[in-house]
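*Asks:* Got a structure for you, written out below as C-alpha cells; questions coming shortly.
Residue numbers (the working numbering): -12 to 348.
Structure representation (C-alpha cells):
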C-alpha cells in the first residue's frame, strides 16, 4: 500500500457509498416516494393519456383507490407531488372539496383572517402603538408619524384525521368517494379547528381565544338579565362593534333568547333565510367548546363579544393522504385506515377587539 494512502474505515466507506447513491438518485429526478417504493423513470406512467381524460370526481376516486391498492405509479401521477415527510399531496380538487365542507361547518374560521403559508413559519406584522395623525396647512412641513410594529409568529401544527373504512367502499365504483371523504374529513376538521381556536393551549396546537386576557365583566345578579348583555355590548370599543359577533354555548343561547328589554322586546332577533340570528344587531355564533362548568358551583359559562377578523389563522396550503391495511383489527376486519393531514395555526393578533361576560348562568 502507498504510504500516502489513507485506510478507509467501514463507516467512511458506507457514507461514501450512500452519498454516491444519493447523488445518482438526484440526477435521475427521483423523490422520496420513488425511492421508498422503487419507482424508476423507466417505468413511466402506463395510464398517462387515460388519466388526462378523467373528471375531477373520477380523478379523486382513482387517486384514493390507488393509495389504498398501493398503486404508487398512479397515485403519484394523480397527486400534487410529495410532501417533505414523504406523503402524497392530495389533488387540488380533493383539497378544495374538503375545504368547502370544512368552511361550511366552521364557526370561527369563516370570520377570521386567514393567511396562506408557503412555509411552516410566518411572521405577521401588527401595529403596536397607533400612528398619530396631524392637520397641516399648505406649504407647512409634515410631521412624521412613527408607529411601532409588533408581530405574531404563526407556526403550523399538524392536524391528523384518521378513519377506518371497509375495502368494499373503495372498490364500489357507484360510491362518489370525493363527496363522501370530503364530507367526512371536512366536518371533522371544522369541529377540531373550532375547538382549538377557542380553547387550544398554543403548544403543538393553535392558541385559542380563551388563553388570552381580555376586558371582562361578571354577570351582576344570580341570573342573566338583559342589562348584562347591553353593558357588554358597549364595553367593546365602537371601532370594533361594527364587525363584532357574539360567541356563546348552546345552553347560554337558550337563556339569552328569553331576555327582554324594558319595553318587553326580545333582544334576540331571528335571521332571515340563511342570515344568522342577531343580538342588538350583531350576529350570534354557537360555539359549544366554551366551558359550562366554570365557577365555584361548576355551573357557569362565558359570553364572548368581539371582532374575529383579529383572530389570525395560518394555513399551510397542502394536505397529505396515506393509507394502510395494517394495525389492530384493520387486516382482520378487511378495513383500510385512511389518514389525511393538514397543517394550521391560529393566534389572536391583539386583545382589544374582544370582551367577555363571565359567571354566566
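Positions of the beta carbon are idealized from the N, C-alpha and C atoms, including for glycine.
Taking the Cβ atom as the reference point for each residue, do residue 180 and residue 89 lie within a distance shorter than 9 Å?
*Replies:* Cβ distance < 9 Å, so residue 180 and residue 89 count as in contact.
*Asks:* Taking the C-alpha atoms as reference points, what is the distance between residue 262 and residue 79?
*Replies:* Taking the straight line joining both Cα atoms gives about 30 Å.
*Asks:* Enumerate in chain order the residues of its own chain whose CB-to-CB distance from residue 143 is below 7 Å, with the five nearest sequence positions on each side excluded.
*Replies:* Counting only Cβ-Cβ distances below 7 Å, and skipping sequence neighbours, we find 104, 107, 301, 303, 330, 331 and 332.
*Asks:* Whole angstroms are fine: how far does the CA of residue 42 sit from the CA of residue 341?
*Replies:* So the alpha carbons of these two residues sit roughly 46 Å apart.
*Asks:* What whole-angstrom Cβ distance do residue 292 and residue 184 have, given they're in contact under 8 Å?
*Replies:* The Cβ separation is near 16 Å, so there is no contact.
*Asks:* CB-CB under 7 Å to residue 265, same chain, minus the five flanking residues each way: which ones, in chain order?
*Replies:* These residues qualify, in order along the chain: 256, 258 and 271.
*Asks:* Can you give me the Cβ contacts of residue 428 inside the same chain, cut-off strictly under 7 Å, excluding the 5 residues immediately before and after it?
*Replies:* Nothing about residue 428 can be read from this structure; the chain reaches only from -12 to 348.
*Asks:* Starting from the Cα of residue 93, find the closest Cα among 268, 295 and 58 and give me that residue.
*Replies:* Measuring from the Cα of residue 93, the nearest candidate turns out to be 295.
*Asks:* Provide the residue(s) that pair with residue 256 in DSSP beta bridges, ordered along the chain.
*Replies:* 265, per the DSSP bridge assignment.
*Asks:* Can we say the segment 164 to 171 touches the segment 46 to 61, given the rule of at least three CB pairs closer than 8 Å?
*Replies:* Short answer: they touch.
*Asks:* CB residue 76 to CB residue 273, shorter than 9 Å?
*Replies:* Taking 9 Å as the Cβ cut-off, residue 76 and residue 273 do not qualify as a contacting pair.
*Asks:* State the Cα-Cα distance for the pair residue 328 and residue 277, rounded to the nearest angstrom.
*Replies:* The alpha-carbon atoms of residue 328 and residue 277 are separated by roughly 26 Å.
*Asks:* Does the beta-carbon of residue 86 have 16 or more other beta-carbons within 10 angstroms, so that it is buried, or is it exposed?
*Replies:* So residue 86 counts as buried.
*Asks:* According to DSSP, is residue 97 helix, strand or coil?
*Replies:* DSSP places residue 97 in helix when its eight states are reduced to three.
*Asks:* What are the boundary residues of the beta strand (DSSP E) that includes residue 308?
*Replies:* Run containing residue 308: 298 to 311, per the beta strand (DSSP E) assignment.
*Asks:* With a CB to CB cut of under 8 Å and the five nearest residues on each side skipped, what residues in its chain are close to residue 318?
*Replies:* The residues are 312.
*Asks:* Would you kindly check if the distance between the Cβ of residue 235 and the Cβ of residue 51 is under 9 Å?
*Replies:* No.
*Asks:* In this structure, how does DSSP classify residue 276 when only helix, strand and coil are distinguished?
*Replies:* Coil at residue 276, not helix or strand.
*Asks:* So what does DSSP say about residue 166, is it helix, strand or coil?
*Replies:* Here residue 166 sits in helix by DSSP.
*Asks:* Near residue 352, which residues of its chain fall below 7 Å by C-beta distance, leaving aside the five closest residues on each side in sequence?
*Replies:* No information on residue 352 is available, as it lies outside the stretch -12 to 348 that the chain covers here.
*Asks:* Exposed or buried, what is residue 121 when buried is set at 16 or more other beta-carbons lying within 10 Å of its beta-carbon?
*Replies:* The residue is exposed, with fewer than 16 neighbouring Cβ atoms inside 10 Å.
*Asks:* Contact check, residue 299 vs residue 177 under 8 Å by CB: the rounded distance?
*Replies:* Rounded, the Cβ-Cβ distance is 18 Å, inconsistent with contact.
*Asks:* Roughly how many whole angstroms lie between the Cα atoms of residue 174 and residue 125?
*Replies:* The straight-line gap from Cα to Cα measures roughly 59 Å.
*Asks:* Which whole-angstrom value describes the C-beta separation of residue 111 and residue 138, a residue pair presumed to lie in contact below a C-beta threshold of 8 Å?
*Replies:* About 6 Å; that satisfies the 8 Å criterion.
*Asks:* Check the C-beta distance from residue 343 over to residue 201 and give it rounded, since I have them as a contact under 8 Å.
*Replies:* Going by Cβ atoms, the distance from residue 343 to residue 201 rounds to 6 Å, so yes, they are a contact pair.
*Asks:* Applying the 10 Å Cβ sphere with the 16-neighbour rule, what's the burial state of residue 27?
*Replies:* In this prediction, residue 27 has a pLDDT of 43, which is less than 50 and means its spatial position is unreliable; what the coordinates show is noted afterwards. Looking at its Cβ environment, which holds fewer than 16 other Cβ atoms inside 10 Å, residue 27 is exposed.
*Asks:* Pick from 149, 141 and 102: whose alpha carbon is nearest that of residue 308?
*Replies:* It is 149 whose Cα lies nearest to the Cα of residue 308.
*Asks:* My assumption, with CB atoms under 8 Å, is that residue 141 sits in contact with residue 102. Please give the rounded CB distance.
*Replies:* The pair is a contact, with the Cβ atoms about 7 Å apart (cut-off 8 Å).
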